[in-house]
Each structure stands twice: as structure tokens, then as C-alpha cells.
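These notes are about the structure you will find just below.
Number of protein chains: 2
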Amino acid sequence: MKSVGVIVEYNPFHNGHLYHLKQSKRIAQAEVVVAVMSGNFLQRGEPAFVHKWSRTNMALKAGADVVIELPYMYAVQKAEFFAQGAVDLLSALQVDALCFGSESGDIHSFTHTYEWMKKHELTIQHTLKKEISLGVSYPEAMARAYKSLPDETNVLPLDKPNNILGYHYVKAALDKKHPIELHTIARSVADYHDEELPAQESIASATSIRKSIISGELASIQHYMPQSSYEELQHYLQSEGTFHTWENYYSLLRYRILTSSVEELRDIYECVEGLEYRLKKAASSALTFESFIEQLKTKRYTRTRLQRMLSHILLNVKKRDMDELLAPDSPPYLRILGMSQTGRTFLHQRKKKLTVPLLTKATGGASDNHPALVLDELAATVHQSVLSSPTPEYKRRIIIRD
Amino acid sequence: MKSVGVIVEYNPFHNGHLYHLKQSKRIAQAEVVVAVMSGNFLQRGEPAFVHKWSRTNMALKAGADVVIELPYMYAVQKAEFFAQGAVDLLSALQVDALCFGSESGDIHSFTHTYEWMKKHELTIQHTLKKEISLGVSYPEAMARAYKSLPDETNVLPLDKPNNILGYHYVKAALDKKHPIELHTIARSVADYHDEELPAQESIASATSIRKSIISGELASIQHYMPQSSYEELQHYLQSEGTFHTWENYYSLLRYRILTSSVEELRDIYECVEGLEYRLKKAASSALTFESFIEQLKTKRYTRTRLQRMLSHILLNVKKRDMDELLAPDSPPYLRILGMSQTGRTFLHQRKKKLTVPLLTKATGGASDNHPALVLDELAATVHQSVLSSPTPEYKRRIIIRD
């Protein structure tokens, strides 16, 4: 059974995702689609709009065959670590191909860029370091590094979010010589950062979809997602009573920052020296997450980077913990969140050949759980803690779709 | 101007407090009443039902002339440290007399007990240590220590809460040879732990008053407190929207326990070895504070002791921080929360002779604030954090009553 992997967040699942899923299967001529999906906290450092079990439902109903959780330690990371973790998981499951959406849409431009970057690696690193030390943001520093080099024709300018991610997928696969076919498809229409729903199209960005839902217009987004996803969102709102944004967690985050010493804040993963004082100052005056992050923002730190740091503060993830988690060269386990019947057959075939344990049960806080799993369970507990009747993670069962 | 000190919590102020206040003034023949009052967290390890500013209002309107905050480091402590801190504050202000309520009502029985205890100190300590190591609670161990000694006639059995506190006030004053007159008055009628409002009397316990208010019967308690206190409570509910019990803080406490490592919990003041695992277990399953503390309770640890530990967890007060705070032999400052015109004249007289700084402004989170003051400000911030529009502590001004 030929399989294709997709790396996703589905926050929430929409028509753009459906297009990507179908095209990936077609282009890779695959029978099985394996989705590696972020758990309850996402790459941009945000709590997932609906929890991972709900998003697994959406994925399965829309055609994914296997949903694997991208652990927090890889999910809430800059593109480089996010991509490496996800590609390593697909490789651990011996998935045959990877297909990602990109602004470029041309896989050769990615492999060419990879080779070119490898050739000029030292110079680029040097320029990057210099520019960043001058206070230039990462994307801007990258652009400057490019301009200083020869043969930049046909090299992808890594200034668009999905080209950046795509580049890192390709790099992750080629660096480790993973035997995985690489494909990309051009993302259609919606721009990742669009905040408005488009009037004429059936594809909108997840950002604009979340924004519309939060302003109380759940019905207005029906047009932009499969009916099954829409029903899942309706069901979520009815049963859980709320969707999840940073505002829901601000009282906890604020409390944590105000009751932590500056030394404790400094110990948190990605908390850069000096930021601990800004954090305390902003938390004492800001009463909403939006005003808090507005006070925190500087030219130097992007909102995304700050949000990732805030996720780590919320979950008390320390530098030394994360360093230990990321030290091994391969993922500690493959955690299945859900599968179709096709997915089940596929996993049954793969099972015998795996070198990484396949987890099909939710965790239960047992002391012998892998620390990465303990962190995922904690992320779920905190994510759920804003609901009036949360379901403990250990009571969750893998979702099987008939 | 002769002054008398009272050591209080006023949670909330009621007729029993009014009686104590008036009698103290009469018995000590004082013109000025100085109330040393716990801040936003109390000796039994509970958040104050209304914040300290509201309770200062009640105290001043009922006849107190000066209200001084008993800092968190002394307030949320077993009787011994609570009493020492409060008596040291009164002595630092050179208050002439102290009058406390007790079940006994006879000051000579307290001084006699103090002398007797001093004589038998080593034997008592030895028995106490032995019994406690066998898992016996502190009051029970104390009772056993008594029985093993001669001449126990006229010695107060320290098994009633206000006799225990009273004994420690007397001990605190005599141990340090503070030149302060000691008086006690018999507490009338209401038992400290009564949960029901009495039908025939106008004095009820603060516990029963809080209980009635929480069950939505604010009007039912009007009979048991001065009109001014009742109006203050009405105003609090209107302006702040809620009173404060542990349930209001359980989401923060639970979050803190679940996201702390066992090592971090072990570092907290009064967290006894082994309890960190019980804390994590109870927090993962309990969704209310009541069910949480029910799961936590053992024969060995009283609810009060556990609640004090939980306050320290909520505010992240570490063993080493508290040890440093308690190391000096005298209080670091006298913080005035409010005063009457008489109180103002009194403070003006005392001012010149003080060896301890008199703080008349609220703190502002300045980095040179005394750590004890920083802790009080944090206690206020966390206490207020459950309100929709909290007033930051640094905006508070000392209350002056005309």
C-alpha cells in the first residue's frame, strides 16, 4: 500500500486542507494518507482552536487514514525543528512520500535551493548571525544573506511562510537521507495571513475562519469547509461551550508570570535574557492577552516567537527539559490519534517493521511514561482546563472510523 | 495617649469583634485602638472573604483608630509565628497594652501557664516531638505532653483555638520582655468553629456568617454585625461582583500544581516530603477545591495546615524565601492601611520615636521594595485576580476616616 504523508495543524480543517489532502494522494499515487498533526498547541505558539481529538475527527472524515500526533516538543517550535520532527515521524513510520503545500508549487526549486544553501552554508550562517545581532528579524536577515551571494537565480526567496516550511521539510528529509519521495503543490488562493473571508472563493485562510467564528458568525464559515468539519465545530461549541484562543488562558498565564521569580522565567525554554522583566511589567498592567502581547512586542521578537515562549511559560517547559527531549536523533514514539479502516490495515502492515513504539492508547500519567508524552498530556490538561467539564486525557481512546 | 492593640482578621467584621474592640479600650483604659490585621490571606490558610481595604473600612467605622497590616509572612503561619509577628509589630509601634479574646478570659492563667511551660519546656518538647513522629496531631500531642507532667492544676489546657493564640501572644511578649500590658476578655457566646447562625443571639461566628452569605443570604447576617460592616459587604458585592473563597482560586491552584515538577513543589514552604505526589494526584482528578482537599487530608495533617501550604503554593512562596524573611528578630516595617483622626494624632506622636519605618503609601512593585512587601503586593494581586476589574495595589491609598 503506497502511502503519502501530510504535515498539518487543521486549525480548523477547511477546503484548502481538503484540496491539499486530495491532491497529495493523487500526485503521489497513494492509497493511504498519513497526517502528522500538531496536538493542542501549535507552531505559531497558540492554543489549538479545538482540541486534537476534534481535529482528528475532522481529518478522518475528510479522508485522512492515519492521524499521528506531532508532540509538543516538535510542534511548538520554529520551522526548522517543527519540520525535522514531523519528517522524522513520517520516516519512522516508513511513509513512502511527502507532499506539502507551498507558494512556489515547484519541488525542483526546493531541492535546488537546498543544494545552493548547502554550498553557501557558512557564508549564510555568518551573515545571519551578524544581521540578527544587529537586531534584524530572522526573515529579513535571511533576505539580506541571500542578496550577498552569487547564483541566486532559481533560488527560492524564503520569505513566504509555506515556502519556509517546505524548504525545511526538504532539508529535513535530505539531510538525513530519508528514502521519502518529495512533492509539493501550489497552495490555492488563500494567503496564510488573510484575516477576511474571501467573497468569491470557497477557500479561506484558517486565520480568517477563526476570526469569523470568534465574532459569533459560525454559520458564515460553512461555505469554506467540508460539511463534516462544520458539524464537528457545531458539536464542539454545543458540548464544550467554547473555542480556544489565548484570551481563554490569559488569567493562567498572567498568574504564572506574576508568581514566578525572574530566575524562574529565565529558565523557561526560549525565554531570552532580559525578556523576563518585560514579561513581569506587561503582566502586571495588562488585563487582556491582546494588550499584554502588544506591550511585549518589539521589532526584534516576532509575535510568533513570543507566543511560542508564552506557551512554554504556560506549560512550565524549561530549557534543560527541552534540550533533553530534543537531544536524541529520532522520535521516541509514534502516537496514533485516529485511523480509518484503510489506515488500520496500513498500520498493521507497517507494525512489524517499526523500530519506534506505536502508541495506540492515551496516556494515564503513569510515572514510566516518556517525558515527551507527559508533556503532551500536560498540554492537553491545560488546554482543557478552561472547559467546565474537561475529559481527562487518560480517558481518551483512539478514534477509529468505519 | 494611651493605646491598646488588638490582633484581628475581621473576616468579616461582626458584633463579636465590636464587643472585643470596645471592651479592650475600656479594660486597658485606652484612647487609641491599634488593630494589627491579616492582609489578603489568613491564618487558617484561606483567602480573605473581602480584601484588606474593605476590612480596613469596617474596622475604622467600628472604632479602630489605626489599622496595620500583618504581613503575609506572619499572617499565614501557625499560632506561634502569627502571634510573634503581631506582638512584635505592636511593640515596634510602642503600643501600651494588648487585649485579646480567649475562651479562658483570665490573664493570670495565661501568665501562669507561660511560667509553668517554661519550667517544663524540655520535657514538653521531647514528648511533643515523640508523639508527632508517631503521627499524632499537634493539639493531641500537646494534651498528652501535659498529662505527663506534675502541677498541672491552673494550667490552661491549650485545646481551644483562642486560648492557644492567647498563650502565644503572652509568650511572644514575655519571651522578648516587651513592655506591654497584657489583658484578656472572655469571648462571648459564639464558638469559633460554629457553622450555623445562632437564633437568639446577636453574636455569631465569622465562619457561620461567611457560610450564610455564600448560600446567598446576605440579608440574614445583618443582625450579627454593625450596620456599617453590613453596608460595606453590600457595597463589595455590588462593586466587585463576588466574595472570595478557595473555590475562586482553585483553577489557578490546580494549574500551578499540575504544571509544577515534584521538585518545585518540594521547594515550597511547609510542603512536607511526600506530599508533592498526593498534591499532583488529587489535582489531576479533583475539579473543585472541596473535593481536592478531601482527597488531600490525612489524620496527620489538619485542614488548616494543608490550606496554609496551599496558599504558599498559590503564591509560590519557597522555603528559602520564607526562612530569609523570618530570620530577623524584628519586623521590617509598619504598614498603615488606615487611620482615624485620633489614630493620625497618635501616629504623629509615635513617629519620632520609631526604629522601624512607617509605610503610609501602597507599594508599586519597585525593585527596592522589601521582599515582605513584594510578597504582600503579590498576595493582593492574586487575591484580586478573580475580579473582573481589579484595582492594582499600587493605586491604593491609605484610608483616612474623618
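Protein chains in written order, with my numbering: chain A, 55 to 456; chain B, 55 to 456.
Just so you know, even glycine gets a beta-carbon here, dropped at the ideal spot from N, CA and C.
DSSP places Gly59/A within a strand segment (E or B) once states are collapsed to three. Contact between Ile122/B and Leu429/B fails: their C-beta atoms lie close to 16 Å from each other, not under 8 Å. Close partners of Tyr304/A in chain B (Cβ separation under 9 Å) are lacking, with about 11 Å as the shortest Cβ gap. Beta-bridge annotation (DSSP): Val120/B is paired with Val88/B, Met393/B. Closest in C-alpha terms to Arg450/A, from the list Thr435/A, Val62/A, Glu100/A, comes Thr435/A.
Taking a Cβ-Cβ threshold of 7 Å, the residues of chain A close to Asn370/B are Thr313, Ser314, in chain order. In terms of beta-carbon proximity, Tyr309/B lines the interface with chain A, with at least one pair separated by less than 7 Å.
It is roughly 15 Å from the alpha-carbon of Lys184/B to the alpha-carbon of Leu203/B. When secondary structure is reduced to three states using DSSP, Ile234/A falls in the coil class, being assigned neither helix nor strand. Between His232/B and the set Ala140/B, Ile322/B, Gln361/B, the nearest pair of CA atoms involves Ala140/B. The residues Ala133, Leu212, in chain order, have a CB closer than 7 Å to that of Ile218/B in the same chain once the five nearest residues on each side in sequence are set aside.
Assignment of beta-bridge partners to Leu152/B by DSSP yields Gly59/B, Leu236/B. With respect to the 7 Å criterion, His68/A and Ile322/A are not classified as neighbours on the basis of their beta carbons. Rounded to whole angstroms, the gap between the alpha carbons of Ile311/A and Gln438/B is 15 Å. Put simply, the backbone Cα of Ala240/B is about 54 Å away from that of Gly295/A. With 16 or more other CB atoms across the displayed protein chains lying within 10 angstroms of its CB, Val60/B is buried.
Among the residues of chain A, those whose CB is under 7 Å from the CB of Leu432/B are Leu312, Thr313, following chain order.
The C-beta of Gly189/A has fewer than 16 other C-beta atoms within 10 Å across all chains shown, which makes the residue exposed.
Per DSSP, the unbroken beta strand (DSSP E) holding Ile453/B starts and ends at 453 to 455.
According to the DSSP secondary-structure assignment, Ile257/B is paired through a beta bridge with no residue. For the options Ala82/B, Pro386/B, Pro446/B, the alpha carbon positioned closest to that of Lys335/A is the one of Pro446/B. Phe346/A carries a helical assignment under DSSP once its states are collapsed to helix, strand and coil.
For the pair Leu350/B and Leu360/B, the CB atoms are nearer than the 7 Å cut-off.
Interface flag for Thr167/A against chain B is unset, since no Cβ pair is found closer than 7 Å. The beta-carbon separation of Met127/B and Met376/B, rounded to 6 Å, stays under the 8 Å limit for a contact.
Annotated as distal: Leu364/B and Ala426/B, with beta-carbon spacing of 7 Å or more.
Going by beta carbons, Arg455/B and Leu75/B fall outside the 7 Å limit. Cβ neighbours of Pro444/B within its own chain (closer than 8 Å, five residues either side excluded): Thr435, Gln438. Residue-level contact by beta carbon holds for Thr435/A and chain B, with a gap shorter than 7 Å. Nearest C-alpha to Thr409/A among Gly159/A, Tyr387/A, Asp422/A: Tyr387/A. Taking 7 Å as the cut-off, the beta carbon of Met91/B is found closer than this to the beta carbon of Val62/B. The beta carbons of Val224/B and Tyr168/B sit closer together than 7 Å. Nearest in C-alpha terms to Thr342/A, of all of Phe297/A, Val326/A, Glu301/A, Cys325/A, is Glu301/A. Fully enclosed alpha helix (DSSP H) runs of no fewer than 4 residues occupy 126 to 129, 133 to 146, 161 to 173, 175 to 187, 192 to 201 of the segment 119 to 206 of chain B, in order along the chain. In terms of Cβ geometry, Leu251/A and Ser266/A form a close pair [threshold 7 Å].
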